[in-house]
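Novice:
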Amino acid sequence: MYFSDFPIVGGETRLPIYLFTAGHNLFQYHVIRNEGYYHPQIIFCTKGSGTLIVDGVEYRINPNCGFFLPKGYPHEYYTNGDVWDTYWVAGGGDGFYNMLETMELTTPKVFKLGDVSRLERILNRIHETLTADSIFGNYRASALLYDFLIEFYRIISGEEEQSKPSAPLVRAIDYINGHFSEKITMDDLCNVSGVSKQHLCRLFRKSMNCRPTEYIAKCRIKAAKEQLITTEKPVEDIAVETGFCTAGYFCKLFKRHEGCTPGEYRTGLH
């Protein structure tokens, strides 16, 4: 299905993430942009092959490969033969740029993506949404753009090959979930997981985006929040029961994570 969508953008610009354009070319025409494009772009190939030129370097873009182009970055791309099917998407908004930074997409990059069928489905849904609703379609399409970015991030971060967490990480997480109310040391986690401290920290950063100690604190705060809402226990007792060494440290860490004190959270002032 060929489509080329350029919705009229109005109030959507107030959204954290909004769609500027999306489309599917059955034959990608020759593009030369000496001044770059108005918005950052993600483009990927589903059939045939083409060539991307950035900074004087040529990259061959085959099926299940793609590339990212920042806003205003000079580039050129063209087909290598009779067929080059491509999908593209471009967006804006503070949240859009924040996600690009999270994905470390600040300079041109070329990717081997593997299975892009989910990306295709999301872009096709964006087109269907825009076609079905001329008033609120782009608001809904902008929500789908967020889904696209999450899926793209999952693919380029290698999560597709790592969809199942490693056994050492699972063992460590299970131990924390069952013992967070007790004192937990890195030695405890290493003994349970069977890996070194350095390796365990790498596993947590890669899969959980935090250190083991941070994950422990999150589990304790989660349990404390439940008690604050469902019981009338004093804050000091809750701190002890959820594994914090002192009530003062509990309150300090709670405010750092939640933006309010335990007492404010309990009374609904957060």
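Sequence positions in the sequence shown follow my numbering and run 5 to 274. Even for Gly, the Cβ is constructed at its ideal location relative to N, Cα and C. In this text the structure is predicted, and so the values were computed from the model without any measurement.
1) Do you know whose CA, among M190, R209, I126, lies nearest S161's CA?
2) Consult DSSP for N84 and reduce its assignment to one of helix, strand or coil.
3) What distance in whole Å lies between the Cβ atoms of P11 and E142, which are believed to be in contact at a cut-off of 8 Å?
4) On a Cα-Cα basis, can you pick out the residue from G267, L23, Y91, D191 that is closest to T217?
5) Looking only at its own chain, which residues have a Cβ that is under 7 Å from the Cβ of Y269, when we skip the five neighbours before and after it?
6) Out of T90, L173, A145, which one is the CA nearest neighbour of N29?
7) Taking just the CA atoms, how far does C214 sit from G40?
8) Thinking C-alpha only, which one of A26, G60, L134 is nearest Y77?
9) The alpha helix (DSSP H) that contains E240, what's its start and end?
10) If we count the other Cβ atoms within 10 Å of its Cβ and call it buried at 16 or more, is Q166 buried or exposed?
11) Around the C-beta of H34, are 16 or more other C-beta atoms found within 10 angstroms, so that it is buried, or is it exposed?
12) Could you tell me the boundaries of the beta strand (DSSP E) in which T55 lies?
13) Determine which residues share a DSSP beta bridge with N29 and list them.
14) Can you check which of these residues, G52, R260, A227, I65, is closest to K113 by C-alpha distance?
15) Who are Y9's beta bridge partners in DSSP?
16) Confirm, please, whether the CB-CB distance from F100 to I126 is below 8 Å.
17) Between L109 and F72, is the Cβ-Cβ spacing less than 8 Å?
18) For L87 versus F31, is the C-beta distance shorter than 8 Å?
19) Going by C-alpha to C-alpha distance, which of G14, G272, G95, P67 sits closest to Q139?
20) What are the residues that DSSP puts in a beta bridge with R37?
21) Classify I139 as helix, strand or coil using the three-state DSSP reduction.
22) By DSSP, does L104 sit in helix, in strand, or in coil?
23) Here's a check: name, in chain order, each residue in its chain whose Cβ is nearer than 6 Å to the Cβ of I57, leaving out the five neighbours to either side.
24) How about V120: is its Cβ closer than 7 Å to a heavy atom in the ligand GDP?
25) Would you grab the beta carbon distance between L23 and G85 for me? Rounded to a whole angstrom, and I think it's under 8 Å.
26) How big is the Cα-Cα spacing for T135 and S146?
Specialist: Reading from the atomic positions:
1) R209
2) strand
3) This sequence places Asn at residue 142; Glu is not what is there. The pair is a contact, with the Cβ atoms about 4 Å apart (cut-off 8 Å).
4) Out of G267, L23, Y91, D191, the CA that lies nearest to the CA of T217 is found in D191.
5) Hits under 7 Å: K229, L232, E262.
6) T90
7) 36 Å
8) G60
9) 239-245
10) In this predicted model, Q166 has a pLDDT of only 46, less than 50, meaning its place in the structure is not dependable; the value taken from the coordinates is given anyway. Around the beta carbon of Q166, fewer than 16 other beta carbons lie within 10 angstroms, which makes this residue exposed.
11) exposed
12) Here the beta strand (DSSP E) through T55 covers 45-58.
13) T90, per the DSSP bridge assignment.
14) I65
15) Checking the sequence shown, residue 9 turns out to be Asp, not Tyr. BP columns for D9 point to A26.
16) no
17) yes
18) Just to set this straight, residue 87 is Val in the shown sequence, not Leu. Yes.
19) As written in the sequence, residue 139 is Ile, which differs from the Gln given in the question. Proximity to I139 across G14, G272, G95, P67 peaks at G14, based on C-alpha coordinates.
20) H79
21) coil
22) helix
23) E80
24) This structure lacks the ligand GDP; in fact it carries no ligand of any kind.
25) That belief does not hold up - the Cβ atoms of L23 and G85 are roughly 31 Å apart, past 8 Å.
26) 14 Å
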